[in-house]
């Protein structure tokens with residue numbers, strides 16, 4: 001495809017939407033779109049609220065991750081604590097709540113690392129990644145449907161687990177790589 005600075009040459013316009021499914025965590029819709037060449041196409045979209053992913057690092061340079069069973073993957077994953085931003089909540093509030101629910105800590109210092117689309121080809125989920133330090137114990141009740149094991153690892157050891165396949169979660173890999181230069 002030749003280079004073109006005009007966004008009009010790639011813009012798709014939504015001309016209709018059909019609601020397929022409404023759930024507790026996601027909604028699914030099918031959009032009809034007009035392509036730049038005038039033809040129409042369908043786009044299936046999973047609607048999901050904004051979310052946060054947190055890289056909590058203790059005073060000894062250990063990262064606190066969570067292991068939980070994920071039905072879509074057919075097994076457990078080792079991940080950074082994460083969760084949705086609830087209605088009326090800002091991302092920093094969601095970070096502090098998720099830390100307390102998932103690992104039993106709060107953070108004295110938060111650094112925003114980046115914000116990114118999780119799967120822009122088919123989902124509306126927009127992720128805000130944070131580094132959390134100055135951790136102190138502070139527990140909130142976990143969500144009823146979450147069964148989580150907290151895993152404390154040296155940060156560098158956790159990063160090495162990306163290459164061995166022991167950590168396969170994309171948001172965790174991206175967030176930890178964003179945090180890594182700040183921890184040197």
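Residue numbers (our numbering): 1 to 184.
C-beta: ideal position from N, C-alpha, C; glycine also.
It should be emphasised that the depicted structure is a prediction, and the values quoted were computed from it without experimental measurement.
For residue 85, same chain residues with a beta-carbon under 7 Å away, outside a window of 5 residues either side, are 49, 50, 51, 52, 91 and 94 in chain order. When the five nearest sequence neighbours on each side are left out, the beta carbons in the same chain lying within less than 7 Å of the beta carbon of residue 13 are those of 33 and 34, in order along the chain. A distance of 8 Å or more separates the beta carbons of residue 178 and residue 123. Taking a C-beta distance under 8 Å as the contact criterion, residue 173 and residue 162 qualify as a contact pair. For a cut-off of 8 Å, the C-beta gap from residue 57 to residue 131 is around 7 Å, short enough to register as a contact. The shortest CA-to-CA distance from residue 31 to any of 59, 45, 165 and 170 is the one to 45.
A buried status is given to residue 175, since no fewer than 16 other beta-carbon atoms sit within 10 Å of its beta-carbon. Among the bridge pairs identified by DSSP, residue 128 is matched with 52 and 115. Nearest to residue 43 by C-alpha distance, out of 81, 54, 18 and 24, is 18.
Counting other Cβ atoms within 10 Å of its Cβ, residue 100 reaches 16 or more and is therefore classed as buried. DSSP lists 51 as the bridge partner or partners of residue 84. The continuous alpha helix (DSSP H) containing residue 100 extends over residues 91-102. With distances taken between CA atoms, residue 15 lies nearest to 38 out of 26, 38 and 7. About 6 Å separates the beta carbons of residue 66 and residue 79, which is inside the 8 Å limit, making them a contact pair. By the criterion of a C-beta distance shorter than 7 Å, residue 71 is surrounded by no residue of its chain, once the five residues flanking it on both sides are discounted. With respect to residue 98, residue 54 sits close: the two C-beta atoms are nearer than 8 Å.
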